[in-house]
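Below is one structure; the comments refer to it alone.
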Amino acid sequence: MEKIKNVVVGAGLSGAVLAERLASQLKEEVLVIDSRDHIAGMMYDFKHSCGITVHRYGPHIFHTSNQKIWDYLSQFTAWHPFCLKPLARIEDKYVSLPFNLNSLRQVFPEELAQHLENKLVEKYGHGTKVPVMKLRGETDPDLQFLGGYVYEKIFEKYTLKQWGVSPEKIAPGVMARVPILVSRKDGYFQDTYQAIPAKGYTKLVENMLHHPLITVRLQTPFSTIKNTVQYDRLFYAGSIDAFFDYKYGELPYRSLRFQIEQKETEYYQPAVVVNYPNDVDFTRICEHKYFLDEKTPHTVISVEFPQAFKRGENDPYYPIENPQNAALYARYLADAQKLPGVYFLGRLGAYQYYSMEQTAAAALALFESL
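Quick note on numbering: my numbering labels position 345 of the sequence shown as 450, and the sequence is numbered without any gaps.
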């Protein structure tokens with residue numbers, strides 16, 4: 106029986122933070138395992154043969170206003186500033202996302218756009234964020250019209266593709282992540298720090314795990330070592346229902362499929378991400394050379410196809426937040442809390458739709474609680 110102080114399951118951001126802190130601060134030995142053939146989890150990026158850094162599992166832009174999180178990660182990477190300014194393809198026009206005061210003029214005649222802007226500013230004030238569902242429920246017919254337009258043209262079909270259900274059936278917290286902004290400032294995030302690791306996310310995680318007390322084993326599912334490794338503490342960043350062999354049933358997720366293509370043109374589209382909230386079967390196209398401003402004669406895109414998660418066939422990406430699934434997770438969590446020295450973390454362990462900032466913050470908070 107192999108003996109080790111700490112085992113971390115998952116070499117993504119959660120696992121890397123825990124492993125790095127345990128090794129550097131507590132001077133304890135850590136074994137990090139991952140069932141994939143690479144580190145960095147879904148942040149993983151790689152150099153394409155044409156010289157472009159590709160985010161294999163979709164676009165990742167780190168953003169935070171938390172100085173502590175920024176300073177911590179900055180120990181392991183230099184940063185390339187990057188502000189995400191996605192577009193939506195609507196009726197052969199490119200429209201700024203989130204929908205804002207600039208978007209009004211991209212889809213409506215100037216007089217109507219100004220009228221709607223005046224209504225939004227008067228009702229909500231400059232710089233505010235308005236959930237589209239709230240706008241649809243307004244009594245003012247002009248605001249109700251705008252809410253209906255944005256809902257139909259941007260949210261409805263995109264949500265149906267992304268989540269497999271209509272927006273009304275999505276948890277309010279998920280829908281609130283994509284508000285209407287009463288602002289002329291383009292940008293998906295409003296955080297103080299917005300950037301991408303200058304040498305990529307994989308290198309960031311590699312630097313975090315580069316410590317003499319940390320051992321990494323890839324292509325190693327937890328099931329292959331749980332009866333052969335003795336540990337004092339286990340940090341599990343995999344699916345919590347998988348840990349308990351699905352004894353209460355499977356927690357539902359949405360998954361994604363990416364079609365990565367090289368294009369024989371310098372640029373394929375006018376922004377890093379273009380959403381397609383219409384009748385095509387994909388949701389968005391990402392053009393990867395924009396991330397690090399890489400100069401090449403060719404380009405690489407990835408086309409994103411949402412799909413249902415099927416265990417053994419694809420990867421779980423997004424927890425589906427609703428009361429029924431929350432109750433199922435609570436049953437697993439109750440069992441987890443009875444296990445001394447076992448901790449669940451990350452998007453899969455906590456069954457939460459975490460950003461990278463939230464992932465790092467939760468892992469740091471867990472370490473500090475030990």
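Note that CB positions come from ideal geometry on N, CA and C, so glycine has one too.
Nearest-angstrom beta carbon gap, residue j and residue i [assumed within contact, 8 angstroms]
i, j, result
"Arg359", "Tyr456", "In fact, because the Cβ distance is near 13 angstroms, the residues do not count as touching under 8 angstroms."
"Gly163", "Leu361", "6 angstroms"
"Val405", "Phe387", "Not confirmed; about 16 angstroms, so no contact."
"Ser119", "Ala468", "5 angstroms"
"Gly117", "Ala342", "6 angstroms"
"Lys198", "Gln211", "6 angstroms"
"Leu251", "Leu240", "6 angstroms"
"Val113", "Ala124", "5 angstroms"
"Leu221", "Phe213", "7 angstroms"
"Leu189", "Ile166", "5 angstroms"
Residue range of the alpha helix (DSSP H) that includes residue i
i, result
"Pro246", "246-255"
"Arg436", "428-441"
"Asp87", "There is simply no residue 87 to check, as the chain begins at 106 and stops at 475 in what is shown."
"Asp150", "Segment 150-152 is the beta strand (DSSP E) holding Asp150; no alpha helix (DSSP H) there."
"Phe472", "461-474"
"Arg452", "451-455"
"Tyr263", "262-268"
"Thr404", "Counting along the chain, Thr404 falls outside any alpha helix (DSSP H), though it belongs to the beta strand (DSSP E) covering 404-413."
"Val237", "237-241"
"Tyr306", "306-314"
Counted within 10 angstroms of its Cβ, other Cβ atoms place residue i as buried (16 or more) or exposed
i, result
"Met313", "buried"
"Thr329", "exposed"
"His168", "buried"
"Phe376", "Sequence check: residue 376 is Ala here, not Phe. Counting Cβ neighbours within 10 Å, Ala376 comes out buried, since at least 16 surround it."
"Ser474", "exposed"
"Gln299", "buried"
"Leu444", "exposed"
"Asp176", "exposed"
"Val270", "exposed"
"Asp291", "buried"
"Val385", "exposed"
"Asn205", "buried"
"Thr370", "exposed"
"Ala470", "exposed"
"Asp346", "buried"
"Glu107", "exposed"
First and last residue of the uninterrupted beta strand (DSSP E) at residue i
i, result
"Ala376", "Looking at the DSSP string, Ala376 is not in any beta strand (DSSP E), and its letter there is neither H nor E."
"Asp337", "334-341"
"Gln180", "Careful: Gln180 lies outside any beta strand (DSSP E) and carries neither H nor E."
"Ala218", "Ala218 -> not in any beta strand (DSSP E); alpha helix (DSSP H) instead, spanning 215-229."
"Val114", "107-114"
"Gln299", "298-302"
"Ser129", "Ser129 -> not in any beta strand (DSSP E); alpha helix (DSSP H) instead, spanning 118-131."
Selection from the options that minimises the alpha carbon distance to residue i
i, options, result
"Asn111", "Leu136, Glu125, Val255", "Leu136"
"Ile275", "Ala467, Ala468, Tyr458", "Tyr458"
"Arg126", "Ser201, Gln364, His316", "His316"
"Pro411", "Val235, Lys262, Ala121, Thr233", "Lys262"
"Asp440", "Phe349, Pro357, His403", "Phe349"
"Tyr353", "Tyr437, Tyr256, Glu243", "Tyr437"
"Ile109", "Lys132, Val334, Tyr199, Val287", "Val334"
"Asn419", "Glu371, Gly446, Met147, Ile174", "Met147"
"Asp510", "His143, Leu453, Ser170, Thr158", "Because residue 510 is not part of the residues shown, which for the chain are 106 to 475, the question remains open."
"Pro326", "Met106, Lys152, Ile138, Asp245", "Ile138"
"Pro246", "Leu356, Pro357, Lys228", "Lys228"
"Asn223", "Tyr149, Val287, Phe294", "Val287"
"Glu366", "Ser140, Arg161, Lys132, Glu133", "Arg161"
"Val122", "Leu209, Ser179, Val235", "Ser179"
"Leu356", "Pro428, Glu399, Tyr373, Pro236", "Pro428"
"Ser201", "Lys258, Gly253, Cys155", "Lys258"
heavy atom of the ligand MG below 7 angstroms from residue i C-beta
i, result
"Val408", "For the structure depicted, the ligand MG is absent and the ligand set is empty, with no information on it obtainable."
>> Assess contact between the stretch 430-440 and the stretch 386-397, defined as three or more Cβ pairs (one per stretch) separated by less than 8 angstroms. Is contact present?
In response: no
> Can at least three beta-carbon pairs, one atom from the stretch 297-313 and one from the stretch 399-417, be found at a separation below 8 angstroms?
Replying inline: No, they do not touch.
> Below 8 angstroms, can you find three or more Cβ-Cβ pairs linking the stretch 174-189 to the stretch 290-305?
Replying inline: Judged by Cβ distances under 8 angstroms, the stretch 174-189 makes contact with the stretch 290-305, as three or more pairs qualify.
> So does the stretch 188-199 actually touch the stretch 376-384, counting three or more Cβ pairs closer than 8 angstroms?
Replying inline: yes
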